[in-house]
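When you number the sequence shown by full-length UniProt numbering, it's gap-free, plus one each residue, and the end is 313.
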Amino acid sequence: MSAAPKIAALRGGHVTLAAAADAFLATSRTANPNTHRAYASAIDRVIALIGRDRPLAEVADTEIGAALAEQWGRCAPATWNRNRAAVTSWLIWCQTKKHWAAPSVPADAERRKESADETRAVAKTTIHRLLSRRDIPLRERALWRMLYETAARAAEILALNVEDLDLEHRRAPVRSKGGAIEWVYWDSGTAHLLPRLLRLPDGSTRTHGPLFLSERRPVPARRPAAADICPHTGRARLGYDRARVLLDKHAGLDLHQLRHSAATHLGEAEVPLQLIMGKTRHKNPRTAMRYVKPGAEAIAKVTDALAPRRRTH
C-alpha cells in the first residue's frame, strides 16, 4: 500500500491580522521604501476595518471583499487594482510561505479592466497654466511642478526627504522601481518654490524629514513610522492617495499624467529617444515609446506639411 502524499499542515491559528501584516511587511519583497509604504497603507486600511486583533484564521473571504469594496469600491480601476493586488500578495504569502490558515480575496472582488487612455498626455499650454495658477496651495504647485520637471514617478517624489535635496545642483536621489538609486533633476520653477515650501512660520527652514507634508498631524491610532514624521512640525508625509485626490479635484488629472506629459513634450521638441530615456529612466526603448507618443498639437502641426505650397507672389 503506497504512502499517502504529505500535505503541509496549516498552522498559525493564533496569529492576528496585525501580526500577519507586520511579518509580511518585514520581508524582502517590501524592502523598497516606496513598495513598503504602498503595501502598508493598503493592508493597514483593510485590517483596521476588520479588526487588527482578529485571528487571521477566523476571517472569512467575504470580509476581505467587503473591506476592499468599502475602501476603494468607488475609486478608479487603477486605484482598485493597485490596492487589491497589495492585499492579495499579503494573503497569498500567508498561505504559501507561512502555511497559515488565511482568507483569500473573493472571486467577486476581481481585478477591474483599465481602459486605454489615448489622451493621457496634456498639452504643454495646459500644464503651464495649471502650474501658474495662484489659487492653488504652495504645496500642490511645488509637487506638480516637480513631478513635471523631473518626469519622475509620483511615489518617488513623495518619498523624498528634505536632506535628500541638492538645491545647488537642482537634483535629488530617488529609489527606482528596481531598487537602484538614480538622480532626478528639476528646473528653475521647482527651484523657486522649494525654499518657500521649506520655510517655517518662524522664518527658519526645515532641514530634515519628509519633503511634502500632510495638512495636519496624524492621530495616535494611525501614527506612521518615525521616518514619515516631520521633526519640525509633527506632520506626516503626504500620501499618494491624498495627492492623487487633490490633483483630480483642482485639475481633473491623474498624477501619472504629469510624467507622461513631460515625456511627450520632450518628444514633440524632437529630443532624441536616448535622452528622453535618460530623463524618465526607462530601461526599455519599447516602454519609453509608449510615453513619447506625439500629442494632438504635434500631429496638427505636422499635418501642415501635407498642405499644398502657397504662392509667394
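Yeah, the Cβ is synthetic: ideal placement off N, Cα and C, and Gly gets one too. Since this is a predicted model, take the numbers as computed values, not measurements.
*asked:* Measuring alpha carbon to alpha carbon, tell me which residue in Ala263, Ala109, Pro173 and Phe212 is nearest Pro231.
replied: Out of Ala263, Ala109, Pro173 and Phe212, Phe212 has the C-alpha closest to the C-alpha of Pro231.
_Does Ile181 pass the burial test, meaning 16 or more other C-beta atoms within 10 Å, or should it be called exposed?_
Under this definition Ile181 is an exposed residue.
*Coil, strand or helix - Thr30 by DSSP*: helix
_Residue interval of the alpha helix (DSSP H) (run including Ala155)_ = Note, Ala155: alpha helix (DSSP H), Ala154 to Leu158.
*Tell me whether Gly267 is buried or exposed, calling it buried when 16 or more other Cβ atoms sit within 10 Å of its Cβ.*
buried
*Closest by CA to Arg259, which one among Glu63, Lys124, His99 and Gln95?*
Lys124
*Buried or exposed for Lys279, please, with buried defined as at least 16 other CB atoms from any protein chain shown within 10 angstroms of its CB.*
buried
*Once you ignore the five residues that flank Trp186 on each side, which residues in its own chain have a CB closer than 7 Å to its CB?*
Same-chain partners within the cutoff: Met146, Glu149, Thr150 and Arg170.
_Nonlocal neighbours in the same chain, by C-beta distance under 8 Å from Thr62, ignoring five residues either side_ = Pro106
*Would you report the Cα separation of Ala26 and Ala300, rounded to the nearest angstrom?*
For Ala26 and Ala300, the distance between alpha carbons rounds to 52 Å.
_By the DSSP assignment, the alpha helix (DSSP H) with Glu70 in it spans what residues?_
Asp61 to Trp72
*Count the other C-beta atoms from every protein chain shown that fall within 10 angstroms of the C-beta of Arg153, then say buried if there are 16 or more, exposed otherwise.*
buried
*Reference Ala23; option with closest CA among Ala76, Cys94 and Gly65*: Cys94
*Would you report the Cα separation of Asp228 and Arg235, rounded to the nearest angstrom?*
Rounded to whole angstroms, Asp228 to Arg235 spans 8 Å at the Cα level.
*Can you tell me the Cβ-Cβ gap for Val162 and His208, rounded? I've got them flagged as a contact below 8 Å.*
6 Å
*Which term fits Ala307, buried or exposed, when burial requires 16 or more other beta carbons within 10 angstroms of its beta carbon?*
exposed
*Can we say the region 128–148 touches the region 281–294, given the rule of at least three CB pairs closer than 8 Å?*
In short, these stretches do not touch, since the Cβ pair count stays below three.
*Element boundaries [beta strand (DSSP E), containing Ile229]*: No beta strand (DSSP E) contains Ile229, which DSSP labels as neither H nor E.
*Measure the alpha-carbon distance for Ala57 versus Ile47 and round it to whole angstroms.*
13 Å
*Take Ala263 as the anchor and find which of Arg290, Thr79 and Asp254 has the nearest alpha-carbon.*
Arg290
*Span of the beta strand (DSSP E) around Ile181*: Following the DSSP letters along the chain, one finds Ile181 inside the beta strand (DSSP E) bounded by residues Ile181 to Tyr185.
*Compare the Cα-Cα distances from Asp241 to each of Tyr39, Leu198 and Ala109 and report the closest residue.*
Tyr39
*Please classify Gly65: is it buried, with 16 or more other beta-carbons within 10 angstroms of its beta-carbon, or exposed?*
Counting Cβ neighbours within 10 Å, Gly65 comes out buried, since at least 16 surround it.
*How close, in whole Å, do the beta carbons of Ala86 and Ala42 come, if the pair is a contact with beta carbons under 8 Å?*
4 Å
*Measuring CA to CA, which of Leu158, Leu246 and Glu270 is closest to Ile136?*
Answer by Cα proximity: Leu246.
*Whole-angstrom Cβ separation of Arg29 and Gln71, contact assumed at under 8 Å?*
Actually they do not touch by this definition, with Cβ atoms about 22 Å apart.
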